Amino acid sequence: MSSYTQSIQTLMNQLASLPGIGMRSAERITFHLLKQNPAEAMKLADAIRDVKTRIKHCSVCYNLTEQDPCLICADPSRDQSVVCIVEQPKDLLALDAAGLFRGVYHVLLGRIAPLEESHPGDLTIDALMKRLAGGTIREVIMGTNPTVDGDGTALYIQNLIAAQCPQVQVT
Ligand code: ZN
Numbered sequence: 753m754s755s756y757t758q759s760i761q762t763l764m765n766q767l768a769s770l771p772g773i774g775m776r777s778a779e780r781i782t783f784h785l786l787k788q789n790p791a792e793a794m795k796l797a798d799a800i801r802d803v804k805t806r807i808k809h810c811s812v813c814y815n816l817t818e819q820d821p822c823l824i825c826a827d828p829s830r831d832q833s834v835v836c837i838v839e840q841p842k843d844l845l846a847l848d849a850a851g852l853f854r855g856v857y858h859v860l861l862g863r864i865a866p867l868e869e870s871h872p873g874d875l876t877i878d879a880l881m882k883r884l885a886g887g888t889i890r891e892v893i894m895g896t897n898p899t900v901d902g903d904g905t906a907l908y909i910q911n912l913i914a915a916q917c918p919q920v921q922v923t
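In structure tokens:
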């Protein structure tokens, strides 16, 4: 089948397992790295190691962060009584880049999608309910994506809040 050495084949397979990279691109990237000097090529390995060791989820909002709590949760100029619920850290980034929202966030790390075997227990909903039970949050804004699953997730959380934390307003 292939006459590449084991280490070359392993790198190619790893690259090809990434989203959007087929075997052909994996091959091109591999030979590009082989041509580079070691210091240059190792920058990629270092960058991967850095994100995997330094980046974690904020213990309050589950945003990706290098410090805990994250910069948003720790920002005293933000309104801690208003929480915008989003599906993924990238949704938080997109919303926050607009600069219009001055409250804080809660990242679900997914959405309820029965067909994809993604259930409420897989998300950070328990942590959200604990946050709301804490009493400092008065308003929740649903920032889930406008898809069938996103709307379903919003409805599920809305019902949960109405049942468990009726003092919190949902918009
Ligand atoms: Zn946070």
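To convert a position in the sequence shown, counted from 1, into my numbering, add 752. Where a beta carbon is used, it is the ideal one built from N, C-alpha and C, also for glycine. Given the structure is predicted, the values throughout are model-derived calculations rather than measurements.
- Between the stretch 818–835 and the stretch 870–878, the count of Cβ pairs shorter than 8 Å is below three; the stretches do not touch.
- The stretch 781–799 makes no contact with the stretch 810–826; the number of CB pairs closer than 8 Å stays below 3.
- In the DSSP annotation of this structure, the continuous segment of the alpha helix (DSSP H) that includes Gly902 starts and ends at 900–916.
- Residues whose Cβ lies closer than 6 Å to any heavy atom of ligand 1, listed in chain order: Cys810, Val812, Cys813, Asn815, Pro821, Cys822, Ile824, Cys825.
- Taking the CA atoms as reference points, Tyr857 sits about 25 Å from Pro866.
- The beta carbons of Asn765 and Glu839 sit about 30 Å from each other, so the pair does not count as a contact at 8 Å.
- Annotation for Val803: the continuous alpha helix (DSSP H) segment containing it runs 790–806.
- Counting the other Cβ atoms within 10 Å of the Cβ of Gly895 gives 16 or more, which makes it buried.
- Sorting Tyr908, Leu823, Ala914, Asp878 by C-alpha distance to the C-alpha of Glu891 places Ala914 at the top.
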